[in-house]
Amino acid sequence: MRKRLLAALTCSMMVLVTGCGNDDMTVLTPNGPALIKDDGSGSSNSVSTKATQKTTTTTKTDTKKSSGSSDLVHVGFAQVGSESDWRLAQTDSMKSTFTEGNGYQFDFVDCNNDQQKQVETIQKFIDDKVDYIVLDPIVEDGYDDVLKKAQDAGIPVIVVDRNISASDSLYTCWVGSNFVKEGEDAAKWLKEYLASEGRDSESLNIVTISGTTGASAQLGRSEGFNNNMAGNWTLLDEQSGDFNEDGGRAVMTAFLAQYDDIDVVVCQNDNEAYGAIDAIQNAGKSCGPNGDMIMISFDATKGGFERMVAGEINVDVECNPLEGPLVSELIQKLEKGETVDKIQYVEEGVYPADTAADIIDSRAY
Ligand code: AHR
Numbered sequence: 005m006r007k008r009l010l011a012a013l014t015c016s017m018m019v020l021v022t023g024c025g026n027d028d029m030t031v032l033t034p035n036g037p038a039l040i041k042d043d044g045s046g047s048s049n050s051v052s053t054k055a056t057q058k059t060t061t062t063t064k065t066d067t068k069k070s071s072g073s074s075d076l077v078h079v080g081f082a083q084v085g086s087e088s089d090w091r092l093a094q095t096d097s098m099k100s101t102f103t104e105g106n107g108y109q110f111d112f113v114d115c116n117n118d119q120q121k122q123v124e125t126i127q128k129f130i131d132d133k134v135d136y137i138v139l140d141p142i143v144e145d146g147y148d149d150v151l152k153k154a155q156d157a158g159i160p161v162i163v164v165d166r167n168i169s170a171s172d173s174l175y176t177c178w179v180g181s182n183f184v185k186e187g188e189d190a191a192k193w194l195k196e197y198l199a200s201e202g203r204d205s206e207s208l209n210i211v212t213i214s215g216t217t218g219a220s221a222q223l224g225r226s227e228g229f230n231n232n233m234a235g236n237w238t239l240l241d242e243q244s245g246d247f248n249e250d251g252g253r254a255v256m257t258a259f260l261a262q263y264d265d266i267d268v269v270v271c272q273n274d275n276e277a278y279g280a281i282d283a284i285q286n287a288g289k290s291c292g293p294n295g296d297m298i299m300i301s302f303d304a305t306k307g308g309f310e311r312m313v314a315g316e317i318n319v320d321v322e323c324n325p326l327e328g329p330l331v332s333e334l335i336q337k338l339e340k341g342e343t344v345d346k347i348q349y350v351e352e353g354v355y356p357a358d359t360a361a362d363i364i365d366s367r368a369y
């Protein structure tokens, strides 16, 4: 039987600053959540987004009964869409976690990359009086009003994967990726790779196939990469491929028609990279460690690893979609009236092509 606490909710949520005033964070590792202690170096924990916020803790202090039945915790998930392999892996992680066997009634809605549909979906969850709303926001802006309605209705909202620009008083907590760091990691890898090849003084022309415009995954990766370009790199162009394969193919085809001197292609996810690789090969060119162009991708899905083993991608910067267990753990804590961290990052790595063959079989998605 679920234990419900006091009545009056999120607007009266208790918000505390954790620990000793440092920036410790919880991250999701393949073995479950782990605490990253801030060593004060300002290295991996120090980025120029919400990641620099103090970790705060939140206690759920409401609540009302779901219109749903019984003892199941009713969770509504407003998913972005199904545009990429990464997205499908995240959906699987959520669906395999929020099962009846695990004590959940789970309403899943694929919002098809349509923000209006996503806002309407959240409104429907409010009308249905779900116990928790899980939101993966398509873009950063535009959720303030509906989140205020959820708050007024006493329904905690957990934001996953991408960030939103709304006040963090309007949601209970956020779990996801550090997109700025991912972009920084890509630029750092490129600098080190060029140095190792004796090419660091070469002038390089770069094109970027970015993700869905206005999504924090796009904004963060662009910010992290573009702000860390070497002085002798030129960003020729940056156009959105909308995080899907057709988009990657179309944008790369246009880039190849416009520019005949591309040295580096940055694709902001693996599916865009697959389309871009097609376009490059159709144009009689090549990419990858022994190719005409350096190919950088994000996500590090199994398909991305296969493309690295095939010699088509130079490096894949990981974005971890396995968020279901951590979101469930947060909900279970909130159900017990425990505090949760306001901000939690999933753990992510950088995988150069020469590591891919050894690692590919251990990839979980
Ligand atoms: O928000 C995460 C991004 O969205 C992933 O990089 C991409 O594959 C997905 O569609």
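Each residue of the sequence shown is one higher than the one before, counting from 5 in this note's numbering.
Ideal Cβ positions, reconstructed from N, Cα and C, are used throughout, including at glycine.
From a predicted model like this one, the values you see are computed outputs, not experimental measurements.
Between the C-alpha atoms of residue 347 and residue 240, what's the straight-line distance to the nearest angstrom? Residue 347 and residue 240: Cα-Cα distance of roughly 35 Å.
Does the Cβ of residue 345 have 16 or more other Cβ atoms within 10 Å, making it buried, or fewer, making it exposed? Flag for residue 345 reads buried.
Output the residues surrounding ligand 1, defined as those with a CB atom closer than 6 Å to any ligand heavy atom, in chain order. Neighbourhood of ligand 1, defined by CB distance below 6 Å to any of its heavy atoms: 87, 88, 90, 91, 165, 166, 221, 247, 273, 302, 303 and 323, in chain order.
Report the three-state DSSP secondary structure of residue 109 (helix, strand or coil). Under the three-state reduction of DSSP, residue 109 is assigned to strand.
Supposed close pair residue 162, residue 80 - CB separation, criterion 8 Å: 11 Å between Cβ atoms; not a contact.
Span separating the alpha-carbon of residue 165 from that of residue 255: In a straight line, the C-alpha of residue 165 is about 25 Å away from that of residue 255.
For a minimum of 3 consecutive residues, which ranges assigned as the beta strand (DSSP E) are wholly contained in the stretch 155 to 212? List check, beta strand (DSSP E) in window: 161 to 165 and 177 to 180.
Just to confirm my understanding: we take residue 205, look at its own chain, exclude 5 residues before and 5 after, and list those with CB closer than 8 Å. What are they? Only 236 meet the Cβ criterion.
Buried or exposed, going by whether 16 or more other CB atoms sit within 10 Å of the CB of residue 214? It counts as buried.
Quick one: what does DSSP say residue 339 is sitting in, helix, strand or coil? Helix, per DSSP.
Kindly indicate which three-state DSSP category residue 320 falls into: helix, strand or coil? Of the three classes helix, strand and coil, the one that applies to residue 320 here is strand, per DSSP.
Those runs of the alpha helix (DSSP H) which lie wholly inside the stretch 263 to 310 and span at least 4 residues: Here the runs fully enclosed are 274 to 286.
When you compare the stretch 334 to 344 with the stretch 299 to 306, are there three or more beta-carbon pairs, one atom per stretch, that lie closer than 8 Å? Output reads no: the stretch 299 to 306 does not touch the stretch 334 to 344.
Quick check on the burial criterion: 16 or more other C-beta atoms within 10 angstroms. Buried or exposed for residue 286? Per the 10 Å Cβ criterion, exposed.
Cβ atoms of residue 267 and residue 317: under 8 Å apart, would you say? No.
With burial defined as no fewer than 16 other Cβ atoms inside 10 Å of the residue's Cβ, what is the status of residue 111: buried or exposed? Counting Cβ neighbours within 10 Å, residue 111 comes out buried, since at least 16 surround it.
If you draw a straight line from the C-alpha of residue 353 to the C-alpha of residue 340, how long is it? Take the alpha-carbon of residue 353 and the one of residue 340: they are about 33 Å apart.
I'd like to check one pair, residue 350 with residue 181: are the Cβ atoms closer than 8 Å? It is a contact, given that the beta carbons lie within the stated cut-off.
Taking the C-alpha atoms as reference points, what is the distance between residue 184 and residue 293? Distance between the alpha carbons of residue 184 and residue 293 is about 25 Å.
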